[in-house]
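Participant: In the working numbering, the protein residues as written are -3 to 284.
Ideal placement from N, C-alpha and C gives every residue a C-beta, glycine not left out.
All of these numbers come straight from a predicted model, not from anything done at the bench.
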C-alpha cells in the first residue's frame, strides 16, 4: 500500500521509517504551505479550526502524490480533534477522493481498536509479528531521539554567535537520525547529533529572555503552522520552553498518563469546565 500521514514537525522521519519497514511505500507529506491551507479552506466548514484545515489540505496533497491510506490519530476528551478523521473521511468521500483513513484511538481509551489498526498495517505489509514489534520499537526510539535533539536546539539557539548555525546543525543531526536503522544506530546518531549542537559557537555570557510556548498540539509542533515561532524567537535571542513534545504526548496516551498534576493545578482556573485544544494543559503548564 501507499501510505501517508499528517506532517507534524520532524516526526515524519520516524513515521517514514515505520511505513517503509512495515512493507509499504511511504508518501512523505510535504511541509504545509499556503496551498495546503487553501485546499483545506476550500473544502472544510468555515467554522473548522486551522489544524483541521491544514490536515485536510495535506490529505488532498498526498492523494495527488498517489497515497492510498492515511494513518492518523483519534482521541478522547472534549476537543474535536479526536473526531477530525471522521469528518475528513466524509469530506474526502464528498469530493470523490479514494483515500482510506486509519485512525488510531488511544490505547488507554480503546485498546482493542488500537491493536486492530496495528494488525491492519502489519498484515498489509506482509511482515511477521516479531518483525513488526521490532519496527515499532525502533520507531519509538526515533521519536524520542528526535525530541531530544530538537529540545537541545531550542536551548542553544539564543546563544549562537552566527545566526542560523543552530538550525543548520539541527538539520545535520536529524539527517543522521533519518539514516539510522537500528536502536544502536539511533543511539549513536542521537549522541553525535547532540554533540554537533553542543559544538555550535555560543556566547554564554548572554542572559536571554525565557518564553513558554503553549497551545494546541498540532499548532505547537508544526513549525509551518506557527510561523516557525521557536526558531524565530531563538534567533532573536529568546530561549523558548515548549509544553508539548510528541514523545511525551504519545507516552501519556499510550502507556500511562503522567499529566494529572498539570490538570490539578489548572482546575481552579477552569471551574471544572472541559476545554478542548489542550486548553487545560495550557493553563496548567502556565501555572507551573
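In this structure, does DSSP put residue 83 in helix, strand or coil?
Facilitator: It is helical.
Participant: Residues in its own chain within less than 7 Å of residue 157 by CB, not counting five upstream and five downstream?
Facilitator: Contacts found: 197, 198 and 199.
Participant: According to DSSP, is residue 232 part of a helix, a strand, or is it coil?
Facilitator: If DSSP states are grouped into helix, strand and coil, residue 232 belongs with coil.
Participant: Does residue 244 get closer than 8 Å to chain C when you measure Cβ to Cβ?
Facilitator: Here chain C cannot be found, since the structure has a single protein chain.
Participant: What does the alpha-carbon distance come out to for the pair residue 88 and residue 132?
Facilitator: Near 29 Å, if we compare the C-alpha coordinates of residue 132 and residue 88.
Participant: On the premise that residue 162 lies in contact with residue 193, defined as a C-beta separation below 8 Å, what is that separation, rounded to the nearest angstrom?
Facilitator: Contact flag correct, Cβ pair sits at about 7 Å.
Participant: Bridge partners for residue 18 per DSSP, in chain order?
Facilitator: Answer by DSSP bridge pairing: none, since residue 18 is not bridged.
Participant: Report buried or exposed for residue 125, applying the criterion of at least 16 other Cβ atoms within 10 angstroms of its Cβ.
Facilitator: Flag for residue 125 reads exposed.
Participant: I'd like to confirm the pairing. Which residues does DSSP put opposite residue 312 in its beta bridges?
Facilitator: Residue coverage of the chain in this structure runs from -3 to 284, which leaves residue 312 outside it and unanswerable.
Participant: From residue 100 to residue -2, what distance separates their C-alpha atoms?
Facilitator: If I take the Cα positions, the gap works out to 18 Å.
Participant: Among the candidates 159, 143, 48 and 95, whose CA atom is the shortest distance from the CA of residue 232?
Facilitator: It is 159.
Participant: Keeping to the same chain, check which residues put their C-beta closer than 7 Å to that of residue 152; ignore five residues upstream and five downstream.
Facilitator: These residues qualify, in order along the chain: 162, 193, 196 and 198.
Participant: At what residues does the alpha helix (DSSP H) containing residue 193 begin and finish?
Facilitator: Counting along the chain, the alpha helix (DSSP H) containing residue 193 begins and ends at 179 to 194.
Participant: Measure the CB-CB distance between residue 98 and residue 65 and report whether it falls below 8 Å.
Facilitator: Contact: yes.
Participant: Looking at the structure shown, is residue 92 part of a helix, part of a strand, or coil, going by DSSP?
Facilitator: Coil at residue 92, not helix or strand.
Participant: Just mark residue 7 as buried or exposed, buried being the case when its beta carbon has 16 or more other beta carbons within 10 Å.
Facilitator: It is buried - the Cβ of residue 7 has at least 16 other Cβ atoms within 10 Å.
Participant: Give the range of the beta strand (DSSP E) segment to which residue 138 is assigned.
Facilitator: Segment 125 to 152 is the alpha helix (DSSP H) holding residue 138; no beta strand (DSSP E) there.
Participant: Using the rule of at least 16 other Cβ atoms within 10 Å of the residue's Cβ for burial, across every protein chain shown, is residue 27 buried or exposed?
Facilitator: That one is exposed.
Participant: Give every residue of the same chain whose Cβ lies closer than 8 Å to the Cβ of residue 134, excluding the five residues on either side of it in the sequence, and list them in chain order.
Facilitator: Cβ neighbours of residue 134 beyond the five flanking positions: 13, 17, 177, 178, 179 and 182.
Participant: I'd like the list of long-range same chain contacts for residue 229, defined as Cβ closer than 7 Å, with 5 residues on each side in sequence excluded.
Facilitator: Hits under 7 Å: 207 and 236.
Participant: Mind checking which residues open and close the beta strand (DSSP E) that includes residue 65?
Facilitator: First-last of the beta strand (DSSP E) with residue 65: 65 to 69.
Participant: Are the beta-carbon atoms belonging to residue 33 and residue 53 less than 8 Å from one another?
Facilitator: In this structure, residue 53 lies closer than 8 Å to residue 33 by Cβ.
Participant: From residue 106 to residue 155, what distance separates their C-alpha atoms?
Facilitator: Straight-line Cα distance between these residues: approximately 45 Å.
Participant: So, with DSSP's three-state summary, where would you put residue 29?
Facilitator: Note: residue 29 maps to coil in three-state DSSP.
Participant: Looking only at C-alpha atoms, which of 241, 22 and 244 sits nearest to residue 121?
Facilitator: The residue with the shortest Cα to Cα distance from residue 121 is 22.
Participant: By the three-class DSSP mapping on this structure, what secondary structure does residue 199 have?
Facilitator: Correct three-state label for residue 199: coil.
Participant: Candidates 244, 149, 188 and 168: which alpha carbon is nearest residue 226's?
Facilitator: Here the closest residue by C-alpha is 149.
Participant: What are the residues that DSSP puts in a beta bridge with residue 98?
Facilitator: Partner(s): 67.
Participant: Our contact map puts residue 242 next to residue 143 with C-beta atoms below 8 Å; I'd like the distance itself, whole angstroms only.
Facilitator: About 6 Å separates the two Cβ atoms, so the contact holds.
Participant: Given residue 10, which residues of its chain have a CB within under 7 Å of its CB, disregarding the five upstream and five downstream residues?
Facilitator: So the list reads 135, 138, 139 and 142, once near-sequence residues are dropped.
Participant: Determine the direct distance from the alpha carbon of residue 123 to that of residue 111, and round the result to whole angstroms.
Facilitator: Spanning the two alpha carbons is a distance of roughly 15 Å.
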